[in-house]
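Numbering (the numbering used here), first residue to last: 17 to 446. Glycine included, C-beta positions come from ideal geometry on N, C-alpha and C. Let me begin by presenting the structure, written as structure tokens, before commenting on it.
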């Protein structure tokens, strides 16, 4: 059974009434929920990449007329939002389009079907009813398919009519039991059919607590006296399609990694995309941990081992690789009250840095015991072991960081903040 962490409930807090007209949208703040799932769950991430991880970020909203409550995974790594629309024994929550007066299908002849699906990894098709049919497939052999449709999505007290999404009625999941925990997925990348693009907000932010399961999702401008100035790094954009480059992902340029005060001696060539597009660095809320391409991962792993030799004991078991990509694990006595002091790992970007320190560097493997020791694994993994050609920054390393995705100025902003305190401030309307 999954363990659902308690949610710190936030009041809906808006600077003013949310407006979806042609005028500039205002700010809307919603609560995020962190849900812990058993090892092996593989939520649908992006059309090109999929990872096994244990935590998803979910948001509740209403869809349809009259409104139906749904729970969606927040995913900056994918475009098309979708909902399960067909009842099945293994699904706990579905959206019923037949019960909604505002639901409408998208025909194949629609400009939406013909032109706005260009970034899908699998081209859309025309079903026997001449409706626009989408198939999404994933690296773990999962797939889901159904028709594109439009519907009214409700956020807080306001609604967004005519939102395009996937009404999915069939598919195959590598772990259907856990796939049933949510109603669907909210795609938040830069594609023309992503949820944030359709809403018309120039930017959005989120903040994930490292102390409890509270979280904030904010659409629009974030101007709070307690939020320190953000440091920005530009998004990497290319005009020419390349086979291994996701052009609508939030791609930033990793310039180096520092472990405590030591910068890893990495040639620039291993950090930049090659002529095929392989090697981009993506910020992905749909992935829990961070994955680095082989040469970079190996350099970080070796340096981390070197700096932690006096305080940590490596698990010498070549047959154990956590979640298929994390092969650096440690044995920590169960009677030890806390982890030892660990070196800080800093990801360096143009104009900004993200530092990972303390308990976020190690993850205790549930149920894994060696003698009187618990097993903890390094929260950076090897992309090569997953068979992917990218660096991916997961949301575990985004905890206690205000993450702003600025679509208007093509940049990502970061600032360290206590996200649990931010949640409390916003919940009180401060």
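Check: Does the pairing of the region 377-395 with the region 341-358 give three or more beta-carbon distances under 8 Å?; Outcome: yes
Check: Residue 211 lies in the alpha helix (DSSP H); which residues open and close that run?; Outcome: 211-215
Check: For the alpha helix (DSSP H) that residue 315 lies in, which residues bound it at each end?; Outcome: 310-324
Check: Residue 451: which of 266, 425, 96 sits nearest, CA to CA?; Outcome: Since the first and last residues shown for the chain are 17 and 446, residue 451 lies out of range.
Check: How is residue 374 classed by DSSP in three states: helix, strand or coil?; Outcome: helix
Check: Buried or exposed, going by whether 16 or more other CB atoms sit within 10 Å of the CB of residue 438?; Outcome: buried
Check: Determine the contact status of residue 99 and residue 175, defining contact as a CB-CB distance below 8 Å.; Outcome: no
Check: What span of residues does the beta strand (DSSP E) with residue 417 cover, start to end?; Outcome: 417-422
Check: Residue 206: buried (16+ other C-beta within 10 angstroms of its C-beta) or exposed?; Outcome: buried
Check: Report the option in 384, 324, 372 whose CA atom is closest to the CA atom of residue 333.; Outcome: 384
Check: Look up residue 395 in the DSSP assignment and say whether it is helix, strand or coil.; Outcome: coil
Check: Which of the three DSSP states, helix, strand or coil, is assigned to residue 400?; Outcome: helix
Check: With DSSP as the reference, label residue 294 as helix, strand or coil.; Outcome: coil
Check: Is it right to say residue 271 is buried, meaning 16 or more other beta carbons lie within 10 angstroms of its own, or is it exposed?; Outcome: buried
Check: Residues bridged to residue 365 by DSSP?; Outcome: 270, 368
Check: To the nearest angstrom, report how far apart residue 210 and residue 259 are at their CA atoms.; Outcome: 21 Å
Check: Across the region 319-339 and the region 293-302, are there enough close Cβ pairs to call them in contact, namely three or more that are closer than 8 Å?; Outcome: no
Check: Using a Cβ-Cβ cutoff of less than 7 Å, which residues in the same chain neighbour residue 432 once the five nearest sequence positions on both sides are dropped?; Outcome: 416, 417
Check: Just how far apart, CA to CA, sit residue 61 and residue 325?; Outcome: Confidence in residue 61 is poor, its pLDDT being 30 and thus under 50, which makes the residue's placement unreliable; the coordinate value appears in the next sentence. Whole-angstrom Cα-Cα distance: 35 Å.
Check: Return the first residue and the last residue of the alpha helix (DSSP H) that residue 349 is part of.; Outcome: Careful: residue 349 lies outside any alpha helix (DSSP H), inside the beta strand (DSSP E) at 345-349.
Check: Which value, in whole angstroms, describes the spacing of the CA atoms of residue 369 and residue 165?; Outcome: 40 Å
Check: Between the alpha carbons of residue 64 and residue 264, how many angstroms are there, rounded?; Outcome: Bear in mind that the predicted position of residue 64 carries a pLDDT of just 22, short of 50, making it unreliable; the figure below should be weighed with that in mind. The straight-line gap from Cα to Cα measures roughly 12 Å.
Check: Give a yes or no on whether the C-beta atoms belonging to residue 513 and residue 231 are separated by under 8 Å.; Outcome: No answer is possible for residue 513: the residues shown for the chain start at 17 and end at 446.
Check: Using C-beta distances below 6 Å, list every residue in its chain close to residue 28, excluding the 5 sequence neighbours before and after it, in chain order.; Outcome: Caution is warranted here: a pLDDT of 25 is assigned to residue 28, below 50, making its placement in the model unreliable, and the coordinate value is therefore given only provisionally. 172.
Check: Pull the bridge partners of residue 232 from the DSSP assignment, please.; Outcome: 47, 223
Check: Kindly identify the DSSP beta-bridge partner or partners of residue 250.; Outcome: 427
Check: By how many angstroms is the C-alpha of residue 376 removed from the C-alpha of residue 228?; Outcome: 13 Å
Check: Could you spell out where the beta strand (DSSP E) holding residue 168 opens and where it closes?; Outcome: 159-171
Check: Under 8 Å Cβ to Cβ from residue 286, same chain only, skipping five residues before and after it: list those, please.; Outcome: 295, 309, 311, 312
Check: Taking Cβ positions, are residue 398 and residue 315 nearer each other than 8 Å?; Outcome: no
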